[in-house]
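In what follows, a single structure is set out as structure tokens and then discussed.
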Amino acid sequence: MSNRAVVGTQWGDEGKGKIVDILTEAADIVARFSGGANAGHTVVIGDQKFILHLIPTGILHPDKICVIGNGVVVDLEELFCELDELKKRKIKFQDRLLISKNAHLVMPYHKVIERLEEETRAKDKIAPTGRGIGPAYKDKIARHGLRVMDIFDQDLFKRRVEWNLQTKDGFLKKLSKKEAVSLKKESLDVSKFKRRVKPFVADTSLFLNKAIKEGKSILFEGAQGALLDIDFGTYPFCTSSNTTIGGVCTGLGVPFTCIDEVIGVTKAYTTRVGTGPLPTEQKNAVGELLQKRGNEFGATTGRPRRCGWLDLVILKYSFRINGINKIALTKLDVLDAFDKIKICVGYKYKNKLITDFTSDLNILENCKPVYEELPGWQKETHGIRDFKDLPDKAKKYLDYITEKLETPIFLISTGTKRDQTIFL
7 MSNRAVVGTQ WGDEGKGKIV DILTEAADIV ARFSGGANAG HTVVIGDQKF ILHLIPTGIL
67 HPDKICVIGN GVVVDLEELF CELDELKKRK IKFQDRLLIS KNAHLVMPYH KVIERLEEET
127 RAKDKIAPTG RGIGPAYKDK IARHGLRVMD IFDQDLFKRR VEWNLQTKDG FLKKLSKKEA
187 VSLKKESLDV SKFKRRVKPF VADTSLFLNK AIKEGKSILF EGAQGALLDI DFGTYPFCTS
247 SNTTIGGVCT GLGVPFTCID EVIGVTKAYT TRVGTGPLPT EQKNAVGELL QKRGNEFGAT
307 TGRPRRCGWL DLVILKYSFR INGINKIALT KLDVLDAFDK IKICVGYKYK NKLITDFTSD
367 LNILENCKPV YEELPGWQKE THGIRDFKDL PDKAKKYLDY ITEKLETPIF LISTGTKRDQ
427 TIFL
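So this is what it looks like as structure tokens:
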């Protein structure tokens, strides 16, 4: 049995939820390694739609074990909202969900601080999700954070909460006295979840390494995308964790030698939510049509996504740093309406052609994309399940991508449902 990692290759929102859901069939365990409730993985099963923010997508399969690793920041209120919703929808999760005792908590004051910080940024806003993810990771790195295990030591928990509120007074002093008192109470009240969370808490690194030795198959589920990685993304317009392949090891406590295959989920065009560079963005009828046909609105925030043509510059970079073995291409059917389809192969900046990605924001925000143009197919591909039924021009588009990225496509998504998929 093989262990596969699924990562996003763009700015997130590539459709990883559906891909993980499909690949879960061949896995014993699904393990989430980074991010927090800022993720939004959407899965459509029949006429039911599930949106998961913290819990691994594998929970929708009744015989799979799901793991939330130490690299994830956990909002306990959000976690139990998700679990309560799953319970209402007859999804059983008892004895199937493990949460790392070393995972850090997202506290109520993290959300308040994220909002207050963003207000001070003026023109340099980064448009976070408002879920407190950045401040939670900041506390983790500064060694101010609270871990899941800390909730069981009431004295330690209370002392750390009070100390954190004092050290964050620079921002929190903007609150009224009533708001500050309420925030302290709300933060201390997080300890009320300790009885509910206790059955799920485990040494997940130990559990996963034992599973590896026993020959069980693990699916490592990523969140967001490579261009949002804190080290390799479009900093500072990125998330606060490692969304790339290295996050599997540090976010779960497993060795890199256990990863047999890295699957890159890639949308047939490019989107990003919030601020930051997007060289192929189409602020015109093309972008509007992509947004409408792709239903490009965030699963977590509902914010509209900015849309543009496929960008091979960022994809070659993403494939290089992740070691992508196979491509899962999503939303091919969104392109059905176009008579011509453009693909970015480079950036023009000050009369120089750039074909390798740069993290220099000045270049990314002021370059002009260099395109190659392919004919559109203008035929319905939505719901097609067999490669031979695709229009010839759609096949040529796929062949072009495979050739340029020197990586095979093994799965094509032609709709939101599980069975609207082509396997190659």
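Just remember that our numbering sits 6 ahead of the position in the sequence shown, which is counted from 1.
Even for Gly, the Cβ is constructed at its ideal location relative to N, Cα and C.
Supposed close pair residue i, residue j - CB separation, criterion 8 Å
i: F199; j: L82; result: 4 Å
i: I269; j: A334; result: 6 Å
i: V80; j: G42; result: 7 Å
i: T422; j: K24; result: 7 Å
i: F99; j: I65; result: 6 Å
i: V203; j: I105; result: 7 Å
i: L411; j: K337; result: No, L411 and K337 are not in contact; Cβ-Cβ is about 17 Å, not under 8 Å.
i: R10; j: L225; result: 5 Å
i: I265; j: V254; result: 6 Å
Own chain partners of residue i with C-beta closer than 7 Å, once the 5 adjacent residues on each side are dropped
i: P310; result: Q297, E302 and F303
i: T256; result: G77 and N248
i: K174; result: Y115 and I119
i: L380; result: I347, I349, K402, Y403 and Y406
i: G352; result: V319, L359, I360, T361 and V376
i: L92; result: I65 and F99
i: L295; result: A343
i: K131; result: E124 and T281
Residue i, enclosing alpha helix (DSSP H) - first and last residue
i: T15; result: T15 -> no alpha helix (DSSP H), and no H or E assigned at all.
i: K219; result: T210 to K219
i: Q297; result: A291 to R299
i: A400; result: D398 to L411
i: G252; result: G252 to L258
i: F86; result: L82 to K94
i: V112; result: V112 -> no alpha helix (DSSP H), and no H or E assigned at all.
i: K200; result: K200 to V203
Residue i CB to nearest heavy atom of the ligand SAH below 7 Å
i: G77; result: In terms of ligand content, the structure shown is empty, and the ligand SAH therefore cannot be addressed.
Backbone CA spacing between residue i and residue j [nearest angstrom]
i: K219; j: A33; result: 15 Å
i: T126; j: G140; result: 15 Å
i: L122; j: F177; result: 7 Å
i: K273; j: G136; result: 25 Å
i: I418; j: P134; result: 31 Å
i: R38; j: V73; result: 6 Å
i: L5; j: G293; result: Residue 5 is absent from the model: the chain starts at 7 and stops at 430.
i: T454; j: D27; result: Absent from the model: residue 454. The displayed extent of the chain is 7 to 430, so no value can be given.
i: G138; j: I369; result: 30 Å
i: F238; j: S365; result: 8 Å
i: V196; j: D156; result: 11 Å
i: P414; j: N331; result: 7 Å
i: K117; j: L60; result: 16 Å
i: A109; j: V154; result: 6 Å
i: V112; j: E88; result: 15 Å
i: T420; j: A400; result: 12 Å
i: D339; j: G46; result: 21 Å
i: K180; j: A186; result: 9 Å
i: N328; j: T250; result: 6 Å
i: E168; j: P205; result: 27 Å
i: H150; j: L214; result: 27 Å
i: K289; j: C313; result: 8 Å
i: A128; j: D145; result: 23 Å
i: R424; j: K394; result: 19 Å
i: G18; j: V50; result: 18 Å
i: G75; j: N357; result: 46 Å
i: C244; j: G300; result: 23 Å
i: K70; j: T30; result: 8 Å
i: T408; j: L194; result: 53 Å
Element boundaries [beta strand (DSSP E), containing residue i]
i: R38; result: I35 to R38
i: V50; result: H47 to I51
i: D23; result: Checking the sequence, you will find Gly at residue 23 rather than Asp. Here G23 belongs to no beta strand (DSSP E); instead the alpha helix (DSSP H) covers K22 to L29.
i: I428; result: T427 to F429
i: K394; result: Element bounds for K394: n/a, residue is neither H nor E.
i: F56; result: Q54 to L58
i: G270; result: E267 to K273
i: F444; result: Summary: the structure shown does not reach residue 444, with the chain confined to residues 7 through 430, and so no result is reported for it.
i: R424; result: Taken as a continuous stretch (DSSP letters only), R424 belongs to no beta strand (DSSP E), as it is neither H nor E.
i: V73; result: I71 to I74
Close beta carbons around residue i, own chain, < 6 Å, minus the five adjacent residues each side
i: K385; result: P397
i: V279; result: G304, R309 and R311
i: F344; result: G382
i: P62; result: V36, R38, C72 and E227
i: T240; result: L233, G282 and P283
i: L85; result: L60
i: I188; result: Note that residue 188 is Ser in the sequence shown here, rather than Ile. Excluding sequence neighbours, S188 sits near nothing in its chain.
i: A229; result: S40, G41 and A45
Spatial neighbours of residue i in its chain, beta-carbon cut-off 8 Å, leaving aside the 5 residues before and after
i: C373; result: P285, Y353, K354, Y355 and I360
i: H388; result: D339, D342, T420, G421 and Q426
i: P391; result: For clarity, residue 391 is Arg in the given sequence; the question names Pro instead. If we look at R391 and ignore the five residues flanking it on each side, its Cβ neighbours are T420, D425, Q426, T427 and I428.
Continuous alpha helix (DSSP H) assignments of at least 4 residues falling wholly in the region 119 to 198: 139 to 147, 160 to 173, 175 to 178 and 183 to 194
May I have a chain-ordered list of the beta strand (DSSP E) segments no shorter than 3 residues that lie completely inside the region 312 to 390? 312 to 314, 332 to 336, 346 to 355, 358 to 360 and 374 to 381
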